[in-house]
Every structure is written in structure tokens, then in C-alpha cells.
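What follows is a single structure, written as C-alpha cells, with notes after it.
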Amino acid sequence: MNTYVLVVLVYLAFLMGVSLYASRVVKTQTDFMVAGRKLSAPVLVGTLLATWIGSGSIIAGAGLAYREGFAALWFDAGVWVALGLIYFIAGRARKLEQLTVPDVLELRYNHWARLLGTFVTIIAYTVIASYQFRAGGLVLNIVAGLDPSTGTLITFLFVTAFTATAGLLSIAYTDIFNGLLMLGGIFFAYPFLIARAGGWDGVRERLTAHFGEAVAAERLSLMGRFTVTEALSYALPTLLLMLGLANMYQRFFSARDERAARRAVIGWIIGTVCIETMIIVLAVIGSSLFPELASGRSEQVLLYAAREGLPVLAGCVLLAAAVAIIVSTGDSFLLVPATNIVRDIYQRFINPQATERQIVLYSRVAVIGLGLAGYVLIQFFETVLRAALFSYTMYGVGITPALLAGFLWKRATTTGGLASILGGMLVTLIWHFASLAEATGIETIYPALAASLLGLIAGSLLTPPPPEEKWRPFFS
731 MNTYVLVVLV YLAFLMGVSL YASRVVKTQT DFMVAGRKLS APVLVGTLLA
781 TWIGSGSIIA GAGLAYREGF AALWFDAGVW VALGLIYFIA GRARKLEQLT
831 VPDVLELRYN HWARLLGTFV TIIAYTVIAS YQFRAGGLVL NIVAGLDPST
881 GTLITFLFVT AFTATAGLLS IAYTDIFNGL LMLGGIFFAY PFLIARAGGW
931 DGVRERLTAH FGEAVAAERL SLMGRFTVTE ALSYALPTLL LMLGLANMYQ
981 RFFSARDERA ARRAVIGWII GTVCIETMII VLAVIGSSLF PELASGRSEQ
1031 VLLYAAREGL PVLAGCVLLA AAVAIIVSTG DSFLLVPATN IVRDIYQRFI
1081 NPQATERQIV LYSRVAVIGL GLAGYVLIQF FETVLRAALF SYTMYGVGIT
1131 PALLAGFLWK RATTTGGLAS ILGGMLVTLI WHFASLAEAT GIETIYPALA
1181 ASLLGLIAGS LLTPPPPEEK WRPFFS
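Structure follows, in C-alpha cells:
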């Protein structure tokens, strides 16, 4: 057994041990879904950071940076703008004391908004969880030489079992370690990798030698070969996803109070900007060191750099950080739709008198079922980036406009909210599966966002204003 495999196995065993220990105190749906509403600001920072930084960053974002250079920062720029806006919503979201985003949609609109929001979340979040499985397969391919499909299966089994064991209670506290490992692993790798490249002058020289002077200049600029429209097509999906991110609201609902929720956002902003920027930096350096990845393996650049470009200790830390990123994101994106199925469909419409024991049991069953669905779904996407953009767009246009309008626009009505969710969801599905982006040259985010906003604004202005009791709790 090589050192890399041993480190990964030890860290996974540690995570499962924490999960099994936490499962002993999970008795109610509040424990399972929102960790008993007792998380402090430091714990929230760790779990928010570990939830957001996933394989969309270390696989899709890094692969984009390998191919396009620093222009890949546009993939992250939308997130940074969103986080600044979220600071002003966090306290109000905690004050609502709900369990899920569909809870909030019903409170602001009606039960049909809850149901539509649940469907959008299940589709988008199951796809996001699915590409964490593929990313895990790439890690196991690098560290143990396993076939990526076998590694994907192993990752699916572990993440699903880990999530089903103790819910958010185990996720939140292991995410403290995951967050620290991410920061340490990524920053620890930088001095070794840049030294191997010969500094930034060496990076430029290597890029020029491998790809030509014009490509080297593009990769070291902030726009690269992107037009403004292309850059925004990467930034908008992440912006919209983040503003409505159900995992984020679930963490706010789990905060011990409104102050803890707001303070956590500040630490989250700092950590996210630092980690995402460093991921892009490492990938750009990696593109100069490993030109052999250009033929279809660019999304493995950070994993390959850990194994082939760093000393063993630094490589082990970076690979452990990658595992932490994948597991922490995969478990969070399985827990949310499982919560939606049990609370927003089963408990709300089928069995309102369900016991706490039944809710916890069925939540675990839902996690397993969704994990299996995600494992099947990933076969339909060629790359992690394509899966990420589809799921970000689906959720970002299907949920975020209606959700934000609930907090920011008193005039938003039930008709407008429903039209927004339905319009965004349907246009995303049609545009994607009919391959209209390829046929028209227009990325899915633009028509889908237009449909969502048009439905929200027109549906609200053409119907009577909502009664004060609908919007008042969101503006207190």
C-alpha cells in the first residue's frame, strides 16, 4: 500500500468515526436536518466553506483554469459577489426558523411553490452530488491506480453511507477539519509547485514553449480568449446558485442565533476567495508543468500535481484536502434533497403526523435512494464542468429569483413566484436536453434566467399585491 492510499484511507476512517459517534445523539428531525439549531459561528464557517468548495472548484474550475488560464476566475467571481449580498440576508433567514428552502417558499407564496421548489432542488442537487462521485473516482485513479469507474462506485458508497449515518450533525463538525485541511493543503502546495516551475517567469516560458506565445499571454490575463458574454455565462450560474443555495440556508437555520449566522458569512467570504483563487493559481502553474494533460485530462490537473509535482508530504496533504472537499460537498448535496423529499413531500402532503423516528429513518432511506440516482445520472454528462453548469443553472434560475424576491420585494406575489420557478426549470431542461445551446450559440443561462425573471415580474405586477402577513416576516 503506497503512502497516498494510506493517508486517504486514514482520513476517510476518521470521518466515518465522527459520523458514527454523532449518530448516537440524533433523535429528531431537527438534529438530523439542522444539527439541533446549536451551531456556533466558527463551526458554521467550516461547514459553509466545506459545502461550497467541491469538485466544481477542484475538478471543473481547475480544469477550466488549465485550459483558459486566469480567465477561469470568472467561474468564481459570481460567487464572491453573491457572498457580499448574502451577509444582509443571513440574519433574517435564521429568524424564520424553518428547516428547508421549500419551507420558506411556502411561507412566502403557497404549497405549490414548496412542491415546485422541491422538484427543482432534487434534480439540481442530485446532479451536483453525482459529480462529486466522479471526482472521487479521479482521486482514486491517481492515488491507487483504480479504474475511474470503480473509484466512482467506491466514492458513491462511502459518501452515501457517511451522510445517511448522522445527517447534518456529523457533517457540520467534520467540516471544521475539512475546512482547515482545504486551506492547509492548497496553500502548502503553492511554494513547492511554483518553485518547480521556476517562478512566474518560468510559468510564462513553459506555457510559451508548450502552447505558443499567444496562448501563454491569454492564459495569464483575466479575460483570456473570453468575450464578455462568455465570461458572464460562467459567472451568472454560480452567482445565482449561491444566492439561493439551499445548503447555505440550511446552515443559517442551524445557527444558534442570528448573530452567529451573520458572523459566519464574513469568515466564509474570506475563506472562499482565498481557496478558489489559489485553486486557479495552482491549476495555471500545473498547465505549464504538465502539458500531457491537455488531451482530455485537464480536470485532473490538481490531483496529478499532488502525485507527480510535489514532495510526498505536500502531495499527501493536497490529496487529503481533495478528498475532504469531495466528501464534504457530496454529503451536503445529498442531505438537502433527502430533507426535501421527507419534510416537503412526505411529511407535508402524505403523513403530517409522522413521528420523529419515522422522519429520521425515511431521511436515511432517501439519502441512499438519491445517492443511487446520482450514481446513475453522472453517466449522462461528459465532464464535471458540464454537469456543474447544468445543475447550477437549474437551481439558480428555478429557485433563486423567487427566493430572493421573497426577502427583497414586497410586491412579489404567489403567481409571480410560481411562474418564476416553473419557467426557469422548464427552459433549462428544454434548452439542455434539446441541445439548443449548441444549435443557437446561446448558453442556457440566458434564456432560462430571462424566463424566470419575466415570470416573476409579470406574474407579480399583473396580480393583486400580497397581503401584509405574507411578506412581513421576511422584512422584520
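Under the numbering used here, residues 731 to 1206 are what the sequence shown spells out, in order. Where is the CB? At the ideal position from N, CA and C, for every residue including glycine.
| message | If I measure Cβ to Cβ from Thr1145 and keep anything under 6 Å in the same chain, skipping five residues before and after, which residues do I get? | response | Gly1189 and Thr1193
| request: Look at the alpha carbon of Gly1154 and the alpha carbon of Ala976, and state the distance between them as a whole number of angstroms. | output: 17 Å
| task | State the DSSP-derived secondary structure class of Leu876, mapped to helix, strand or coil. | result | coil
| said: Taking a contact to mean a Cβ-Cβ separation below 8 Å, would you say Thr1123 touches Leu779 in this structure? | reply: no
| message | Extract the residue ranges of the alpha helix (DSSP H) inside the stretch 1004–1089, only unbroken runs of 4 or more that lie entirely within it. | response | 1031–1038 and 1042–1069
| task | Report back the beta-carbon spacing between Val1157 and Ala1178 to the nearest angstrom; my notes put them in contact at under 8 Å. | result | 4 Å
| message | Considering just the uninterrupted stretch of the alpha helix (DSSP H) at Ala807, what are its terminal residues? | response | Leu803 to Leu826
| Does the stretch 824–844 come within contact of the stretch 981–1000, defined as at least 3 CB pairs closer than 8 Å? | yes
| Host alpha helix (DSSP H) of Gln980 (start-end) | Ala976 to Ser984
| query | Can Thr1007 and Val809 be called in contact, C-beta distance under 8 Å? | reply | no
| Ends of the alpha helix (DSSP H) at Trp782? | Ala771 to Trp782
| query | Per DSSP, what kind of secondary structure is Met953 in: helix, strand or coil? | reply | coil
| request: Since I believe Val857 is in contact with Phe1120 (beta carbons under 8 Å), could you give me their beta-carbon distance rounded to a whole number of angstroms? | output: 6 Å
| message | Please report the straight-line C-alpha distance between Phe744 and Thr904, rounded to a whole angstrom. | response | 9 Å
| request: Using three-state DSSP, classify Ile1175 as helix, strand or coil. | output: helix
| field | Stretch-stretch touch, CB-based, cutoff 8 Å, three pairs: the stretch 940–959 with the stretch 796–807 | value | yes
| query | Taking the alpha helix (DSSP H) that Lys1200 falls in, what are its first and last residues? | reply | Glu1198 to Trp1201
| query | Would DSSP call Leu910 helix, strand or coil? | reply | helix
| message | So for Leu1156, helix, strand or coil by DSSP? | response | helix
| How would you call Gln1109, buried or exposed, if buried means at least 16 neighbouring beta carbons within 10 angstroms? | exposed
| request: Return the residue from the list Ile852, Thr1170 and Ala990 that minimises the CA-CA distance to Arg824. | output: Ala990
| query | In or out: Val833 buried (at least 16 other Cβ within 10 Å) or exposed? | reply | Residue identity differs from the one stated: residue 833 is Asp in this sequence, not Val. Label assigned to Asp833: buried.
| Selection from Leu966, Leu1148 and Ser785 that minimises the alpha carbon distance to Leu868 | Ser785
| task | With distances taken Cα to Cα, identify the nearest neighbour of Phe956 among Ser1165, Glu988, Trp1161 and Ala802. | result | Ala802
| Proximity to Tyr1276 [Cα-Cα], best of Asp877, Thr882, Leu962 and Ile1129 | In the structure as shown, the chain begins at 731 and stops at 1206. Residue 1276 is therefore absent and cannot be evaluated.
| request: Kindly give me the distance between the Cβ atoms of Leu1064 and Leu1100, rounded to whole angstroms, as I take these residues to be in contact under 8 Å. | output: 6 Å
| field | Buried/exposed call for Phe805, threshold 16 Cβ in 10 Å | value | buried
| request: Measure how close the beta-carbons of Thr848 and Asp1074 come, nearest whole angstrom, since I'm counting them as under 8 Å. | output: 4 Å
| task | To the nearest angstrom, report how far apart Tyr1034 and Thr1085 are at their CA atoms. | result | 49 Å
| message | Quick check on this structure: which residue in Ala820, Leu845 and Gly814 has the alpha carbon closest to the alpha carbon of Arg1078? | response | Leu845
| said: Among the candidates Tyr920, Tyr1092, Ala1044 and Leu1183, whose CA atom is the shortest distance from the CA of Tyr1076? | reply: Tyr1092
| Does any CB atom of chain D fall closer than 8 Å to the CB of Ile1000? | Of the chains in the structure shown, none is chain D; there is only one protein chain.
| said: My assumption, with CB atoms under 8 Å, is that Gly791 sits in contact with Ile1009. Please give the rounded CB distance. | reply: 6 Å
| query | Taking the alpha-carbon positions, what's the Leu887 to Phe907 distance? | reply | 21 Å
| request: Look at the Cβ atom of Leu742, then the Cβ atom of Val1053, and state whether they are nearer than 8 Å. | output: yes
| query | So what's Thr1143 in DSSP terms, helix, strand or just coil? | reply | coil
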